[in-house]
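Chains as they are written, first to last, in the working numbering: chain A, 33 to 244; chain B, 33 to 244; chain C, 33 to 244; chain D, 33 to 244. Remarks on the structure that follows.
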């Protein structure tokens, strides 16, 4: 397929471009802070950039009238609203994390959440020093899934792709669930899976859970 | 209630005795390598000793005709058979681990096991230097629940009460579930719960999962 | 020896009392929020309470004219000054952590600190839910030893005795040093060692590093 | 410089080739299981392959008369002897691990080793599923540095670049030192550093500790 990427010069943008090209897809359109790259009309747009760019993404999705896969973190409520509106015309896949392991993690949280009443809960997320937002979107997804307000500690260390740990403790024991992304490639593969999932859909709002 | 303990001089035996006494139960009978302690007929027998002593335990449970809670690890197949037979006359609770966290751990394994096809799996268990059997009964429970043969690494470190970690990895990520017992007291509390659960039962074979 | 304990009803106070009695020392004097316990004049005073009580501790040390071992965390600058003054008359051992492992930890930090220029550094400390101060005194000792301002994340989980982790990362790797106290007994043993160290000293200001 | 690589089609071989080319060095010669690649005479040979290939490496180093950097693990005693002999004519850098963090790790082990008498010691190493030898060369370096025989547990998980943990425990506490390589690039950078270090040397036997 012909792919377009918002933030194609960023870390995740490059990773996605590389993986799609490796799988014989074609990078034909891009948008980054120094402007637009145009070679052909894309069949799908992927956005792993920053919330500030969201309006541009929205504009181009409407213009090309193609599916959108968005992994940008720290989106605002009104931007989620805009995505919902957009999804009436084109299919949209939104997630803060495109790894299978995190999906399994979230399902375990869902199972545990009403069995740990009175336990202490803590979340730690660790990412590379270049990550701008805190806490990570994934840590927020874990917290939301728990359905209660729990402390999140954010560590920024070297080039760590992304670690998440959920600790749960009563007075006698500590239970924990952990996830460690070994490279950004794991996320890029989730994006490819999502692209294959939406490419022939008419419209609709999906999460990565729907994809897998 | 009046409690009897096989292995009452051992680490877990003492922990159980202390907790029951703290909760106003009475330790009235015991058996250990240097013989029998008798003050009164017990209403329940708890065994956290060694497989070699199993026949003695069986003998006394029959003699007193009381419920048995057994946490001895490394039991043989024929000893499990004997427990099943015993359970026709008295209630029996058998588990390699009496903590709530491990029960939740096992349920997560149950959920994960058919979603991690092709992933690499490793189990690590860490216990105090005095633990004689390897791997731990709990590690074996985790392996059994996975339903496949996976490597178990056993570490023996100082006075660690008991740590278990299950690692699962595909090429892009590592997911793990961990449990750390903070003290033997966590297990003693599970035994007390089990005692309250079986004290008025007629007979039957139970696991700690049935108790909670 | 005859021991006096400020905060003798607290967690650490009880642990210290138990260990000293086990080793045939005698608990003869105590002070806690509901007043004084007096059976005999102590030969040494141990304080593992709160900074608010410090003036009382000071008063009794002067009154009995005996050595002081103080492990109270979150002391104020003027309280450290008072300890220095006190140490002209009696020996004083002050430390935020009385475990041997933490002493080794600090020496490793001392070795590492000028070899990790430009690395990212993070400290995590985890303690039981009853711990009132944040971050732990030990985490502060690690930070001070590093000689620079680094983030400290504080987790409060169940009945964890005390975990400390120092992470150091460049873009290619993460190095870490960790310490986990298995029980408060490890600290009580450090206090006993300190007591044996100071009991025959005339005066002076010591840390636990001097003791071992 | 003009670089030659034994095992240039392997994981580490490719990583080294990529980094050197990125830094404007030139890959001019290679050897792999399907034969030789020759474009020009190399100024240095790097070998990250398998012990079975060692004789070939030796042959080519003699033929080209250039420095050798060798990171192949599981070398035999006689192969080490051959390296020593070789180093009389050309400079040789041998190490099982070319990361700076591991060098710091080893120095901490050196500091700790005579302070943990009577402690329990365990080493865990985790690597990707493709790693053929067990335990890792780095784990062996840690064991050698300790100067005593300690258990090493080897885990093989997904695409993990390389984790090493050294646990030390007395009855009250667990101290540990950990290292996690985030990517093979960390090692490739150590190779580049080594190349710059030996390129103008006449001869001699060096380890990566000498390089940094």
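Every residue gets a Cβ at the ideal spot worked out from N, C-alpha and C, and that includes glycine. All of these numbers come straight from a predicted model, not from anything done at the bench.
Identity of the residue in the options nearest residue i by Cα
i                      : options                    : result
residue 56 of chain B  : B:34, B:89, B:44, B:112    : B:34
residue 194 of chain C : C:183, C:171, C:181        : C:171
residue 68 of chain A  : A:41, A:52, A:82           : A:41
residue 210 of chain D : D:70, D:181, D:138         : D:138
residue 154 of chain D : D:180, D:70, D:116, D:214  : D:180
residue 72 of chain C  : C:109, C:105, C:37, C:50   : C:37
residue 164 of chain D : D:63, D:60, D:80           : D:80
residue 148 of chain C : C:182, C:115, C:167        : C:182
residue 151 of chain A : A:208, A:221, A:88         : A:208
residue 221 of chain A : B:218, B:205, B:224, B:223 : B:205
residue 105 of chain C : C:128, C:88, C:66, C:162   : C:128
residue 75 of chain D  : D:223, D:214, D:61         : D:61
residue 212 of chain D : D:65, D:196, D:169         : D:196
residue 224 of chain B : B:168, B:136, B:78, B:114  : B:78
residue 144 of chain B : A:146, A:140, A:109        : A:140
Neighbourhood of residue i by C-beta, 6 angstroms cutoff - its chain only, sequence neighbours within 5 removed
i                      : result
residue 233 of chain D : 123
residue 107 of chain C : 83
residue 86 of chain A  : 111
residue 58 of chain C  : 34
residue 218 of chain D : 131
residue 52 of chain A  : 35
residue 186 of chain A : 157, 166, 167
Identified DSSP bridge partners for residue i
i                      : result
residue 158 of chain A : A:187, A:195
residue 61 of chain D  : D:36, D:70
residue 77 of chain B  : B:36, B:100
residue 207 of chain C : C:200, D:211
residue 240 of chain C : According to DSSP, which records beta bridges pairwise, residue 240 of chain C is partnered with nothing at all.
Cut-off 8 angstroms between Cβ atoms - residues of its own chain near residue i, not counting five sequence neighbours on either side
i                      : result
residue 216 of chain B : 43, 44, 47, 193
residue 125 of chain B : 99, 100, 101, 102, 226, 229, 230, 238, 239, 240, 242, 243
residue 54 of chain C  : none
residue 121 of chain B : 94, 97, 235
residue 118 of chain A : 90, 93, 94, 100, 124
residue 88 of chain A  : 38, 63
residue 214 of chain A : 193
Cβ neighbours of residue i in the same chain (closer than 7 angstroms, five flanking residues each side left out)
i                      : result
residue 175 of chain A : 155, 182, 184
residue 142 of chain A : 177
residue 49 of chain B  : 37, 40, 59
residue 173 of chain D : 128, 129, 138
residue 70 of chain A  : 61
Which residues, in chain order, does the region 183 to 196 of chain A contribute to contact with chain E at a C-beta distance below 9 angstroms? Note that chain E does not occur in the displayed structure, where the protein chains are A, B, C and D.
May I have a chain-ordered list of the alpha helix (DSSP H) segments no shorter than 4 residues that lie completely inside the region 91 to 168 of chain D? 109 to 118, 132 to 144
Is it true that the region 154 to 161 of chain B meets the region 130 to 139 of chain B, where meeting means three or more beta-carbon pairs spaced less than 8 angstroms apart? no
With a cut-off of 8 angstroms, do at least 3 Cβ pairs link the region 177 to 193 of chain B to the region 198 to 216 of chain D? yes
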